[in-house]
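Novice:
There are 4 protein chains.
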Amino acid sequence: MGEHEEPIQDIAHLGHVELLTPRPDESLWYFTDILGMEVVGEEGQSAYLRAYGDYATTTLKLTESDGAGVGHIAWRTASPQALERRARAIEATGLGIGWMNGDFGHGKCYRFRDPDGHAMEIYYDEERYRAPEHLRSTLLNLPMKYPKNGVGVRKTDHVAVLCKDVAKNREFATNTLGLKLREQVMYENGAAEIGSWMSSSAVHHELAYVVDVKNASGRLHHYSLWVDDQAEVLRAANILREHDIFIEAGPSKHNNSQAFYFYSYEPGGNRVEIYTSGFFVLAPDFEPVVWNEETRGTGVYWGAALPDSFLNYATPVIKDADEAPKPDAKVIDAL
Amino acid sequence: MGEHEEPIQDIAHLGHVELLTPRPDESLWYFTDILGMEVVGEEGQSAYLRAYGDYATTTLKLTESDGAGVGHIAWRTASPQALERRARAIEATGLGIGWMNGDFGHGKCYRFRDPDGHAMEIYYDEERYRAPEHLRSTLLNLPMKYPKNGVGVRKTDHVAVLCKDVAKNREFATNTLGLKLREQVMYENGAAEIGSWMSSSAVHHELAYVVDVKNASGRLHHYSLWVDDQAEVLRAANILREHDIFIEAGPSKHNNSQAFYFYSYEPGGNRVEIYTSGFFVLAPDFEPVVWNEETRGTGVYWGAALPDSFLNYATPVIKDADEAPKPDAKVIDAL
Amino acid sequence: MGEHEEPIQDIAHLGHVELLTPRPDESLWYFTDILGMEVVGEEGQSAYLRAYGDYATTTLKLTESDGAGVGHIAWRTASPQALERRARAIEATGLGIGWMNGDFGHGKCYRFRDPDGHAMEIYYDEERYRAPEHLRSTLLNLPMKYPKNGVGVRKTDHVAVLCKDVAKNREFATNTLGLKLREQVMYENGAAEIGSWMSSSAVHHELAYVVDVKNASGRLHHYSLWVDDQAEVLRAANILREHDIFIEAGPSKHNNSQAFYFYSYEPGGNRVEIYTSGFFVLAPDFEPVVWNEETRGTGVYWGAALPDSFLNYATPVIKDADEAPKPDAKVIDAL
Amino acid sequence: MGEHEEPIQDIAHLGHVELLTPRPDESLWYFTDILGMEVVGEEGQSAYLRAYGDYATTTLKLTESDGAGVGHIAWRTASPQALERRARAIEATGLGIGWMNGDFGHGKCYRFRDPDGHAMEIYYDEERYRAPEHLRSTLLNLPMKYPKNGVGVRKTDHVAVLCKDVAKNREFATNTLGLKLREQVMYENGAAEIGSWMSSSAVHHELAYVVDVKNASGRLHHYSLWVDDQAEVLRAANILREHDIFIEAGPSKHNNSQAFYFYSYEPGGNRVEIYTSGFFVLAPDFEPVVWNEETRGTGVYWGAALPDSFLNYATPVIKDADEAPKPDAKVIDAL
């Protein structure tokens, strides 16, 4: 963008994410009984879920499928006009699919694929959540009761996907969608773009692209849910361990983002992060932070180093010998 | 005790507490659905509960009754010999009632009353908890799964009772039972003993005597349950507020005990404390800490000052105009 | 704004705040030794401070003055063009003062007063902080070392001011500055606007207007600093109590904003809040939440109710009998 | 002990620990500037330190020496009579050294060695800490101000040592000293006693013996300091990372003890643990928990697995190629 141009602010925030699961019942158990999310609707092979702090009716769509992975990633625009502007901009890149009627909880949307092939959509109209009596919070400004059962995730935070060419996808996200670049991992003196973290809002990152070491397309690295406090991450780890759910890494502190987190696999096989803290970005001229081989180190500030599976495992799974994580969890056994 | 004598260590720890409730179903809902305790048995008008960290099978007996209050307070001795020794010592004071067959979860016990009339018992034999398969923890050293639902109280911590004459009851507890004095509130240059906090173990206090401003006998001030972390107290406050359960005071930090806590009323009317931190006492020559009018101040180190109801309200309730707390909770309405 | 118009996004975030203090040395001790902020410059009667997470060089200017209060409140714009646009819009209201050369750490700014008379400014150019070697963080994305000494506040969060006419000031802030309305307290069936909370960013509120019960002008209610975790609020309360600094209210949880906080008085007399949690707003069509007499209650969700001084005390102090808080702190004695 | 005998309760608690360091200035910086301990005395080559919650004047003696390691481990008895009894019992084993005049802060003591050769002592008389005015807490029941600077460790918690023969040392500790066995790691169907954790008090463990894989004698595995809350462990990790102090493992949760912790190396080379939570043992008939190859797993409940250095590295260091940890810390470089 030229030096006199003002930045695009058409995307307001990450709206919702669709996850695919070959084990819909177990996945639903994980997101509701364990994490404390609420089912607000079911249609066809899909269940629509929400976290207690979500203003939208639903932010997670869980769809039965042959394999795990991400179904689509949806962005809410700042206005109806912004929706039109972004649809035209995407269309101009040749990556557009077209307008669709809205899904459960939101109005018409424009579908497209990112350069790596992940399905995405943008939309503006959405149904604000109105809690039924028994789920109404005693706080006027909280859309739903703080859940007493389960982890109590507050909201969908971000999604991280793998891709063949990080630069190409990062350029699409920043130039065409208007996301802002936050952090990058660049190896080989900047020649190798290993990963880029971006956001449309003050949230540290809503979308990350990381290189797919298996050279596949359209895969999901992880889906991340926010809790309000570091202690809730620790409590969540206790709960997952007591229910034999595999924790792949953490609780630890990221250097990139400064967030406190752990990664688990939901029973369908998708990697799910429980996440908090980190920092928010308000500065209009925030300088992206670039990490290299040395400064990135093991990728954690303190706590458990990321295991090999963190690089090798993604969904859908590509069957080969070396990618298999070795979880101690019973739930994940049959994967 | 003479200067060459060694201290009595016959009582090992507070064993269990019986609460009386005129609303057994709602009280049970409070302790299980809200606080996350487990019912391990039912007999007659009583339910037997446990917290996930309790080594004993049960530490809370909940008994239907006309009014709220404490049924009895039970102490576990350090050995069978210690049980005999303490029974003889109590008998010698004339406060003994006699030997009884054990209740659910423990063996024979010796019953007595403290000088103010609260029923107490001592026992040694008790049934260690063996969790059924679905409640077995993934930690060998945890008697039961850490609960994912509800507050997740870990154990019974202490009980505080009111009495007419604190000095008399404190002397009985220290001289006859062998509890160690930890802290006191003494007004009027030491002439008025407002309260005394005692323990048989390293726990800061397991029993408190506080003067009954209504000059009644045998009443309960509060029953206290431990959680592991300050953040769990804050989470508990959110949960209670969302379920319209009256929080009388806190979350705040006591000056006496340094603990972080809040007080609520369970639906039967008994005051229940959620409690953590504070300090443990290991020194054999710990000097009791004495607070006066000035140093005690409002009784809190920081956070909400204690309201008038904290002095005036106890169970069983004595009906008069000025004692009524004014809770905003719906559950407590009909009390 | 008309239904087809898009919202103004010219203000990016609250930039910095100037506090006035009659006790500059003691105030500096409070913000540096106690809260852990860093002095980055001194000029004339002012010291310039920063918190460890601030991207700007300075976010707090502390200026010696006859009385306490707020010197000015500064907003950073989203771009140079946005600065020009907002300056023109303000000028058109007749509240403009004019362009000034930048202060320490930032470029030229446009000065004005809000309708109640509080001095404000807008600016775009600012000096990004570059830590000297001994303060450089081991995290590339953290502007300064996490402080090991003191409370460790991360950033300036918001400022709350009193005014005679909340509606008039709120309209100026939303219509002319383009801030978004988040929450309101409206009494008498909406006839009395007691307070309004607004933000230019995803932060819950960066500016609050609350009615001045003394009908004065230009006063400060409080200045608020962010910490990362609820436990840091509790630790901060311990530290302030150990150093005889008056805590007026809390630690408690606001219902408005859901934040966890406490209020103290810095030695100069200004109310300072230590603050965390709450929620961030990303939705472009967020519906302002309106509290009335009943739903607002005591103004806290749980914890200490707000004392009378919370309504009566502001800076500069207006001398009369009934406003005086009765702090137990020695530091505040001579006020 | 026979079935009719009552348990020995002569040792009241772990009293203090002496650490040896070849870098006394840097070690002192670590314990005071970083961890927030206080120096209360200096004599010869030793400095005497305390944590803010210690009732005794000093609990850590830091002595300049050629190499790192543990100087001695001291136990406080429950009474003067208990001191005499234990001294006679130790003498009878042939491991006694003899009576010595007290060190700084405590009275006469009886010195001995455990079967592996670690120097130990028992004593009863000790000087209670009386804080000077500037360090006096605003809490009557806290011996010293809660420190605003540094990590703020509260007290010495426990010490873990290596030995050639765990069974022999464990038997000495339980039979002769009267410590109670809490947990064990037993491999090869119970034939190989890898480690045993013991306590004289309600603290989970005050002394651990773990097998020395290098078959050396008298070495220290780690010295552990308590903080009050899980969040303080996380804050401590931030502080240590910012000051280039090597964190070897954690923050993580132990399965044995359930504690939340991390391990660092102080500049002298000794491993120091920051530690909280876990559980206290009050039951007089607590059943020791035994872990085997399968149930112990990696030794953590969640979080970072323990690295090889955790087994191989101890102080004094035995020079060979494979034991060297590879810290990223600058402070530790010259070791």
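Keeping their order, the protein sequence lines are chains A, B, C and D.
When we follow our numbering, the leftmost residue of the first sequence carries the number 1, and every step to the right adds one.
When we follow our numbering, the leftmost residue of the second sequence carries the number 336, and every step to the right adds one.
When we follow our numbering, the leftmost residue of the third sequence carries the number 671, and every step to the right adds one.
When we follow our numbering, the leftmost residue of the fourth sequence carries the number 1006, and every step to the right adds one.
Ideal placement from N, C-alpha and C gives every residue a C-beta, glycine not left out.
The structure displayed is predicted, hence computed values, not measured ones.
Examine chain B for any beta-carbon lying closer than 8 angstroms to the beta-carbon of A:R130, and answer yes or no.
Specialist: By 1-based counting over the first sequence, the position of residue 130 of chain A is 130. Closer than 8 angstroms: no.
Novice: Verify whether the separation of the beta carbon atoms of C:M868 and C:L890 is less than 8 angstroms.
Specialist: In the third sequence, residue 868 of chain C corresponds to position 198, counting from 1. In the third sequence, residue 890 of chain C corresponds to position 220, counting from 1. Against a cut-off of 8 angstroms, the Cβ pair of C:L890 and C:M868 comes out as no contact.
Novice: Counting beta carbon pairs with one atom in the region 572 to 579 of chain B and one in the region 625 to 642 of chain B, are three or more of them shorter than 8 angstroms?
Specialist: Verdict: no, contact absent.
Novice: Do you know how far the Cα of A:A78 is from the Cα of A:E6?
Specialist: Numbered from 1 along the first sequence, position 6 holds the residue referred to as residue 6 of chain A. Numbered from 1 along the first sequence, position 78 holds the residue referred to as residue 78 of chain A. Distance between the alpha carbons of A:E6 and A:A78 is about 16 angstroms.
Novice: Does B:I369 get closer than 8 angstroms to chain A when you measure Cβ to Cβ?
Specialist: The count along the second sequence starts at 1 and reaches residue 369 of chain B at position 34. Taking Cβ atoms only, chain A reaches closer than 8 angstroms to B:I369, which makes this a yes.
Novice: Taking A:N141 as the query, report the chain B residues whose CB atoms sit under 7 angstroms from its CB, ordered along the chain.
Specialist: By 1-based counting over the first sequence, the position of residue 141 of chain A is 141. Here the premise fails: no neighbours, minimum Cβ distance about 13 angstroms.
Novice: Restricting to Cα atoms, I'd like to know which of C:V855, C:G741, C:S807 and C:V880 is closest to C:R783.
Specialist: For this step, residue 783 of chain C is matched to residue 113 along the third sequence. Minimum Cα distance to C:R783 is reached at C:G741.
Novice: Counting only Cβ pairs nearer than 7 angstroms, list the residues of chain D close to B:D451.
Specialist: Indexing the second sequence from 1 puts residue 451 of chain B at position 116. None at all; the shortest Cβ gap to chain D is about 25 angstroms.
Novice: Looking only at DSSP bridge pairs, what is D:K1258 linked to?
Specialist: Along the fourth sequence, read from residue 1 onward, the residue named residue 1258 of chain D stands at position 253. D:K1258 is bridged to D:F1265 and D:W1307.
Novice: Give me the chain C residues within the contact set of D:Y1280, using Cβ-Cβ distance strictly less than 8 angstroms, ordered along the chain.
Specialist: The residue given as residue 1280 of chain D occupies position 275 in the fourth sequence. Here the premise fails: no neighbours, minimum Cβ distance about 16 angstroms.
Novice: Does the region 386 to 396 of chain B come into contact with the region 476 to 483 of chain B, if we say contact requires no fewer than three beta-carbon pairs (one atom in each stretch) closer than 8 angstroms?
Specialist: Verdict: yes, contact present.
Novice: D:R1359 versus chain C: which residues are under 7 angstroms apart at the beta carbon?
Specialist: No answer is possible for residue 1359 of chain D: it lies beyond the span of chain D, which begins at 1006 and ends at 1340.
Novice: Here's a check: name, in chain order, each residue in its chain whose Cβ is nearer than 6 angstroms to the Cβ of C:K825, leaving out the five neighbours to either side.
Specialist: Position 155 of the third sequence, counting from 1, holds the residue named residue 825 of chain C. Correct list, in chain order: A721, G723, D724 and W896.
Novice: Using a Cβ cut-off of 8 angstroms (strictly closer), state whether A:A231 contacts chain B.
Specialist: By one-based count along the first sequence, residue 231 of chain A stands at place 231. With 8 angstroms as the cut-off, A:A231 counts as an interface residue toward chain B.
Novice: Is there contact between the region 125 to 132 of chain A and the region 158 to 176 of chain A, where contact requires at least three CB pairs shorter than 8 angstroms?
Specialist: Taking 8 angstroms as the limit for Cβ pairs, the verdict is that the region 158 to 176 of chain A does not touch the region 125 to 132 of chain A.
Novice: List in chain order: all unbroken beta strand (DSSP E) runs of 3+ residues lying wholly within the region 122 to 171 of chain A.
Specialist: Qualifying beta strand (DSSP E) stretches, in chain order: 155 to 163.
Novice: Looking at the secondary structure, which residues open and close the beta strand (DSSP E) in which A:T77 lies?
Specialist: Locating residue 77 of chain A in the first sequence gives position 77, where the first residue counts as 1. Run containing A:T77: G69 to T77, per the beta strand (DSSP E) assignment.
Novice: According to DSSP, is C:V710 helix, strand or coil?
Specialist: By one-based count along the third sequence, residue 710 of chain C stands at place 40. Strand, per DSSP.
Novice: Taking the continuous beta strand (DSSP E) assigned at D:R1276, which residues delimit it?
Specialist: For the purposes of this step, residue 1276 of chain D is taken as the residue at position 271 of the fourth sequence. Segment R1276 to S1282, the beta strand (DSSP E) holding D:R1276.
Novice: Using the Cβ count rule (16 or more neighbours within 10 Å means buried), how would you classify A:A37?
Specialist: Reading the first sequence from its first residue, position 37 is the one you call residue 37 of chain A. Contrary to the premise, residue 37 of chain A reads as Met rather than Ala in this sequence. So A:M37 ends up on the buried side.
Novice: Is it buried or exposed for B:P467, if we count other Cβ within 10 angstroms and need 16 for buried?
Specialist: In the second sequence, the residue the question calls residue 467 of chain B occupies position 132. Exposed.
Novice: Could you name each continuous beta strand (DSSP E) segment of 3 residues or more that falls completely within the region 1178 to 1218 of chain D, going from the start of the chain to the end?
Specialist: Segments of the beta strand (DSSP E) lying fully in the region 1178 to 1218 of chain D: 1185 to 1192, 1197 to 1204 and 1212 to 1216.
Novice: Alpha carbon to alpha carbon, how far is C:L753 from C:G766?
Specialist: Working through the third sequence from its first residue, we reach residue 753 of chain C at position 83. Working through the third sequence from its first residue, we reach residue 766 of chain C at position 96. For C:L753 and C:G766, the distance between alpha carbons rounds to 13 angstroms.
Novice: Would you list, in chain order, the members of the region 630 to 644 of chain B that have their beta-carbon closer than 7 angstroms to a beta-carbon of chain D?
Specialist: If the cut-off is 7 angstroms between Cβ atoms, the region 630 to 644 of chain B has T630 and Y636 near chain D.
Novice: Could you pull the start and end residues of the beta strand (DSSP E) that D:R1118 belongs to?
Specialist: Position 113 of the fourth sequence holds residue 1118 of chain D. Looking at the DSSP string, the run of the beta strand (DSSP E) that includes D:R1118 is C1114 to R1118.
Novice: Along the region 45 to 57 of chain A, what residues have a CB closer than 7 angstroms to any CB found in chain C?
Specialist: Those would be G53 and Y55, in chain order.
Novice: Between the alpha carbons of C:P785 and C:V829, how many angstroms are there, rounded?
Specialist: One-based indexing of the third sequence puts residue 785 of chain C at position 115. One-based indexing of the third sequence puts residue 829 of chain C at position 159. Near 16 angstroms, if we compare the C-alpha coordinates of C:V829 and C:P785.
Novice: Any Cβ of chain B within less than 8 angstroms of the Cβ of C:A762?
Specialist: Within the third sequence, residue 762 of chain C is the residue found at index 92, counting from 1. Not one chain B Cβ lies under 8 angstroms of C:A762.
Novice: Which of helix, strand or coil does DSSP assign to B:L575?
Specialist: Numbered from its first residue, the second sequence carries residue 575 of chain B at position 240. It is helical.
Novice: What in chain A is Cβ-close to D:I1252, meaning under 8 angstroms?
Specialist: Numbered from 1 along the fourth sequence, position 247 holds the residue referred to as residue 1252 of chain D. Here the neighbours are W302.
Novice: Go ahead and pull the three-state DSSP assignment for A:A314.
Specialist: Residue 314 of chain A sits at position 314 when you count from the first residue of the first sequence. Of the three classes helix, strand and coil, the one that applies to A:A314 here is coil, per DSSP.
Novice: At a Cβ cut of 9 angstroms, what residues of the region 478 to 500 of chain B count as close to chain A, listed as they run along the chain?
Specialist: Here the close residues are K480, Y481, P482, K483, N484, G485, V486 and G487.
Novice: Report the residues of the region 249 to 272 of chain A with a CB closer than 8 angstroms to any CB of chain D, ordered along the chain.
Specialist: Answer set for the region 249 to 272 of chain A: G250, P251, S252, K253, F260 and F262.
Novice: If distances are taken between C-alpha atoms only, which option among C:Q751, C:S871, C:W699 and C:V831 comes closest to C:V821?
Specialist: What you label residue 821 of chain C is simply residue 151 of the third sequence in a count that begins at 1. Among C:Q751, C:S871, C:W699 and C:V831, the Cα nearest to that of C:V821 belongs to C:W699.
Novice: The beta strand (DSSP E) spanning B:A618 covers which residue range?
Specialist: Stepping through the second sequence from its first residue, residue 618 of chain B is reached at position 283. No beta strand (DSSP E) holds B:A618; DSSP gives it neither H nor E.
Novice: If you follow the beta strand (DSSP E) that A:E64 is in, where does it begin and where does it stop?
Specialist: Residue mapping note: residue 64 of chain A aligns to position 64 of the first sequence, counting from 1. Element bounds for A:E64: L60 to E64.
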